[in-house]
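Here my numbering runs 7 ahead of the position in the sequence shown, where the first position is 1.
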Amino acid sequence: MIDLAGFWHLTDAAGDYAAPMPLPGDGISALRDAGLITDPYVGQNEYDLRWICERDWLATRTFEAEETDAELVIEMLDTVAEVAINGVSVLHADSMFRTHRVDASGALRQGENTIAIRFASPVAEATARAQAQPFPVPFQRDNCPIPHGNMLRKPECDFGWDWNIALAPFGIYGAIRLEPKLARVADLIVEQVHGDGAVSVTVTARTERATDGTPVTFALADQEVQAKVQNGVAVATIEIDAPDLWWPVGQGAQPLHTLTVALPGHSTTRRIGLRDIALITAPDDTGSGFAFHINGRPVFMKGANWIPADALGSAITPEAVRDLLQSAVDANMNMIRVWGGGRYEPNWFYDICDELGLMVWHDFMFACHLYPSDDAFLAEVDAEVRAQVARLDHHACIALWCGDNELLGALTWYEESRANRDTYLVAYDRLNRTIETALRATDPAAIWWPSSPSPGPMRFGDAWHDDRSGDMHFWSVWHEGRDFDHYRDVSPRFCSEFGFQSYPSMDVIRRFADPGDFNIASPVMESHQKNAGGNARIAETMFRYFRFPVDFENFVYLSQVQQGLAIKTAVTHWRSLKPHCMGTLIWQLNDTWPVCSWSSLDHGGGWKLLHHMARAFYAPMHVSAVPGPDGIALRAINDTAQRTTLAVEAEAVDMSGARRTLTTGTKVVSPDAAVTLLTLPADALRDDEILLFTWEAPDGTHGQDHFAPRPYKAYDLQPAAVQHSATQAGDGWDITLRADALALYVAVEADQPGRFSGNAITLLPGQPVTLHFTPDTPDAPQRFVLRDLHSATYNT
8 MIDLAGFWHL TDAAGDYAAP MPLPGDGISA LRDAGLITDP YVGQNEYDLR
58 WICERDWLAT RTFEAEETDA ELVIEMLDTV AEVAINGVSV LHADSMFRTH
108 RVDASGALRQ GENTIAIRFA SPVAEATARA QAQPFPVPFQ RDNCPIPHGN
158 MLRKPECDFG WDWNIALAPF GIYGAIRLEP KLARVADLIV EQVHGDGAVS
208 VTVTARTERA TDGTPVTFAL ADQEVQAKVQ NGVAVATIEI DAPDLWWPVG
258 QGAQPLHTLT VALPGHSTTR RIGLRDIALI TAPDDTGSGF AFHINGRPVF
308 MKGANWIPAD ALGSAITPEA VRDLLQSAVD ANMNMIRVWG GGRYEPNWFY
358 DICDELGLMV WHDFMFACHL YPSDDAFLAE VDAEVRAQVA RLDHHACIAL
408 WCGDNELLGA LTWYEESRAN RDTYLVAYDR LNRTIETALR ATDPAAIWWP
458 SSPSPGPMRF GDAWHDDRSG DMHFWSVWHE GRDFDHYRDV SPRFCSEFGF
508 QSYPSMDVIR RFADPGDFNI ASPVMESHQK NAGGNARIAE TMFRYFRFPV
558 DFENFVYLSQ VQQGLAIKTA VTHWRSLKPH CMGTLIWQLN DTWPVCSWSS
608 LDHGGGWKLL HHMARAFYAP MHVSAVPGPD GIALRAINDT AQRTTLAVEA
658 EAVDMSGARR TLTTGTKVVS PDAAVTLLTL PADALRDDEI LLFTWEAPDG
708 THGQDHFAPR PYKAYDLQPA AVQHSATQAG DGWDITLRAD ALALYVAVEA
758 DQPGRFSGNA ITLLPGQPVT LHFTPDTPDA PQRFVLRDLH SATYNT
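Written out as structure tokens, the structure is:
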């Protein structure tokens, strides 16, 4: 094997630019690192760099070869490219979503060889393909300033999105190598059948260049069986008694077993988690449910949507991605949705999810546009689906394959499709059926969902507003400007998208903006807000709920408080409906660059206040305040596997921090449904009081939350004089917080990157709280800044 990773030489077709280019990597990062362009993430540099995607680029290098009978293998080649070895063309590629494997033996020679990759301009290629369509195929002009991204099998968000920079980068993000042309195991499909305390694991191995009768050995869980190749395929079944089951995080352990499949001269391995999964969509009195059952147990899915970890492929590393996924687990999430406008991730991504116990809802890569339906495009889609499913089907984390993101809605979004509904509906059906057929042919046991959102197979209703069946995307609060209370007006069976924007944290803003830009209406800040009207919507919402912040930094803080309040309102209410609702996936977990967005994690992995709040409202044991016409119900949610008893106390707290007990209660809470612990009458609180409630289980599990019946601006918050003392402890600092009056959403910021154990907390007089801060750089001097709702909104 010859590894062709390393430094290549990059030039543009006109010969104006030349730079070293590391592969794997992307060309824009290479130009930036060579000092030939400015950092596209800083200021408004993005707009001066879009010429890059309008040019063709050439990457070349030399290498030595002793053997010439070899295949060229390239993973995640982005995107339309021609590869030549010693001037002989060996590959014409036009999909980033397939691994390219081609015979290079006719081009290779012993000794020194030259390989060249010509990356075609995605703008020119996409435009040409759009013009060749028999009828117009619209794309999301509001989101994508670079046109016609729907023509290429490349991440749609590369052309811009309402949270992404628009650069349409090029490069290679996986391996590039030459392999000997030997008999090999190409793909494995793993099927598990569970029952009676045992599991039957059937492995289908597809081989290349293996003759009929070639022996294949299958080894798993200390067992070994053999089968022979017939028509390129070998199949074996391994029976395992009393299997050590894999569970989503929070439900049990994540044991992984090595599966080895070998034929003479070649072997391959996979890590297998033994688990049974089913999607239950049985009809009921409301419509039809949507619940995942893992190993026979219904599990409420708590999580967020995943977009690419960075807009530039060179910045995406296993270490950085693991940190993002670990943050999801640390916030009590157990599922992520790989969104259909991004990319299929590398193998190591799913390995990490297997290890962490993060279930993966996986879209196929189609989002929000309409798409071609000609034979050539659908043939490429068929090959893409078969390749990706065969690559990933064995992962315990894979929960569901979904046909697309929001293509049902897109049929109504464009003038062309509204005017010619039948034409575009047939085109969509051809695409959707191609995806489903390829999935089922590759892995018949896979769980299929036609689209997100969707009421269900062969149903084409409005799953943005109809909450009776299937999965729902609920965007009325953000896009329609509705109050946060509107989250309580719907009862989704599974909400796979909902969100509210905030600004990135100040340490991120300082990376792309100067102090002179610290104004939400400045050109730089507006260029880092890609959702039309987003800044105005954030500000308008503040007027509804809060007194206006005193300066820009407190505006940033308050935007994160209100983002957390919005999502907390939705999640705590929908969790209180269990088992009617069995999943909430926040839009979105991460950012691709420093930008105003719906993310709970900043670009780079820092926790916004929403992520700290999610750790609390996604806790396995939680109590939700549910207001209604008869008062405020306190409902308990238990997502663990065991029944427990919860004791709850409800208090009224005024703005000085004075407390009075309202009532207490105790109740048994089973894992299968939320239960009402107690209900407070509508007049239980005075106008100047909010509700404070605490709960505790016999094992010591406890929590605290508050509920304000009125907007916070209606309360006369008191100066709480929040103070802190910091002492070095272990790997960081212990920070003890004290307040003289009720202090809401107390947040601590550091001047060094790192991680706080908690944030956005409620402080009461005489009840200090200690947080821990772990800096990224040990022993670095620290300065901490404190904010709370009063200090952020009252000039003193």
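Each residue gets a CB set at the ideal place from its N, CA and C atoms; glycine is no exception.
Residue pairing for Ile122: DSSP places it in a beta bridge opposite Arg68, Ile92.
The way I'd put it, the stretch 430-442 doesn't touch the stretch 486-497; fewer than three beta-carbon pairs between them come closer than 8 angstroms. Counting C-beta pairs with one atom in each stretch, the stretch 186-193 and the stretch 213-230 have three or more that are closer than 8 angstroms, which means they touch. Note on geometry: alpha-carbon atoms of Trp614 and Ala728 lie some 25 angstroms from one another. Among the bridge pairs identified by DSSP, Thr75 is matched with none. Relative to Leu115, the option among Phe307, Leu30, Ala72, Ile35 whose CA is nearest is Ala72.
The C-beta of Arg551 has fewer than 16 other C-beta atoms within 10 Å across all chains shown, which makes the residue exposed. By alpha-carbon distance to Arg62, the top candidate from Gln51, Leu174, Leu98 is Leu174.
Per DSSP, the unbroken alpha helix (DSSP H) holding Ser566 starts and ends at 559-582.
For the pair Phe146 and Leu377, the Cα-to-Cα distance works out to about 6 angstroms. Per DSSP, the beta-bridge partners of Pro290 are Ser295.
Under the 10 Å beta carbon count, Ser631 is surrounded by 16 or more other beta carbons and is classified as buried. Using a Cβ-Cβ distance cut-off of 8 angstroms, the stretch 305-313 and the stretch 421-434 are not in contact, since fewer than three pairs of beta carbons, one from each stretch, lie closer than that value.
Counted as a single uninterrupted DSSP element, the alpha helix (DSSP H) harbouring Tyr435 occupies residues 428-449. At least 7 angstroms separates the beta-carbon of Ala654 from that of Thr683. By the CB criterion at 7 angstroms, Glu413 and Cys375 fall inside the cutoff. For Ile59, there is no enclosing beta strand (DSSP E), since its DSSP letter is neither H nor E. A Cβ-Cβ contact shorter than 7 angstroms links Val531 with Ala520. In the same chain as Ala689, and ignoring 5 residues on each side of it, the C-beta atoms closer than 6 angstroms to its own belong to Gly638, in chain order.
Counting of Cβ neighbours within 10 angstroms places Gln237 among the exposed residues, the total staying below 16. Uninterrupted beta strand (DSSP E) stretches at least 3 residues long and entirely within the stretch 254-279 occur at 264-270, 273-279, given in chain order. Rounded to whole angstroms, the separation of the alpha carbons of Arg213 and Ala249 is 29 angstroms. Ser732 is classed as exposed because its beta carbon has fewer than 16 other beta carbons within 10 Å across all chains shown.
In the three-state reduction of the DSSP assignment, Val602 falls in the coil class, being assigned neither a helical nor a strand state. Between Ala269 and Ile287, the C-beta spacing is not below 7 angstroms. Where Val206 is concerned, the enclosing beta strand (DSSP E) starts and stops at 205-215. For Trp740, the enclosing beta strand (DSSP E) begins and ends at 739-745. About 40 angstroms separates the beta carbon of Ala394 from that of Met620, a gap too long to meet the 8 angstroms contact definition.
The residue from Tyr564, Pro379, Cys404 with its alpha-carbon nearest to that of Leu159 is Pro379.
Phe700 carries a strand assignment under DSSP once its states are collapsed to helix, strand and coil. Gly463 places its beta carbon less than 7 angstroms from that of Ser476. The stretch 162-173 makes contact with the stretch 535-549: 3 or more CB pairs, one atom from each, lie closer than 8 angstroms. Boundaries cannot be given for Tyr625, as no alpha helix (DSSP H) includes it and DSSP labels it neither H nor E. Within its own chain, the residues whose Cβ lies closer than 6 angstroms to the Cβ of Ala659, once the five positions on either side in sequence are excluded, are Arg667, Leu669, Leu692, Glu696, listed in chain order.
A Cβ-Cβ separation of about 23 angstroms leaves Gly347 out of contact with Phe307 under the 8 angstroms criterion. In the three-state DSSP reduction, Gly181 falls in the coil class, being neither helix nor strand.
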